[in-house]
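Chemist: Questions regarding the structure given below will be posed in turn.
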Ligand SMILES: Cc1cc2nc3c(=O)[nH]c(=O)nc-3n(C[C@H](O)[C@H](O)[C@H](O)COP(=O)(O)O)c2cc1C
């Protein structure tokens with residue numbers, strides 16, 4: 029069985045972290061696939077913020093994706109207007125074979141996404157309402173100009189804890 033890292037990234041930060049996590053998991057002899065959620069049309073800054081605030085659906089290209097072959101998932105998202113982008117909800121509402129799947133979350137932001145923050149709660153809700161089993165593991169990273177500004181020291185602990193469960 030392998031691990032699926034599912035993420036959305038508009039400007040590359042979350043993708044970079046997804047790839048970093050994939051490398052760290054592979055170093056621990058795990059088989060990992062990266063699955064990028066792709067918007068049919070990536071929104072500009074303002075329509076992204078509006079969509080997040082009003083929870084307006086942004087259509088995704090990859091619908092009905094079967095995640096049945098993964099024993100567990102890591103799901104990553106940026107923060108938009110203190111919220112979780114609605115694409116995460118859209119992707120998982122059509123994804124197949126996700127019920128009961130052990131899942132850990134990570135988020136990036138211009139500020140540091142806190143474990144108890146609203147964006148994390150929303151993300152968790154989007155996943156649990158589709159049957160995923162979200163663990164307490166959470167990695168929040170503050171990003172700036174494509175670099176990690178805060179939270180880097182938590183990455184190895186996140187990976188360790190995820191594999192230990
Ligand atoms: C529309 C929009 C709203 C944002 N709102 C927030 C916010 O409320 N808090 C925050 O910390 N970062 C916010 N950001 C910054 C992004 O979360 C941050 O740059 C993230 O790492 C981008 O990830 P990506 O490059 O994978 O798309 C916002 C970015 C966008 C585009």
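In the working numbering, the protein residues as written are 29 to 193.
Where a beta carbon is used, it is the ideal one built from N, C-alpha and C, also for glycine.
Would you say the region 145-156 touches the region 182-191, given that touching needs at least three Cβ pairs under 8 Å?
Modeler: Short answer: they don't touch.
Chemist: Using only alpha-carbon positions, find the residue among 102, 35, 61 that is nearest to residue 88.
Modeler: The shortest Cα separation from residue 88 among 102, 35, 61 belongs to 35.
Chemist: Indicate, with yes or no, if ligand 1 has a heavy atom lying under 7 Å from the CB of residue 168.
Modeler: No.
Chemist: Return yes when the Cβ of residue 33 is within less than 8 Å of the Cβ of residue 60, no when it is not.
Modeler: Cβ atoms of residue 60 and residue 33: closer than 8 Å.
Chemist: Applying the 10 Å Cβ sphere with the 16-neighbour rule, what's the burial state of residue 165?
Modeler: Buried is the call here.
Chemist: I'd like to know if the region 97-116 and the region 130-140 are in contact, where contact means that at least 3 CB-CB pairs between them fall below 8 Å.
Modeler: Enough Cβ pairs lie closer than 8 Å, so yes.
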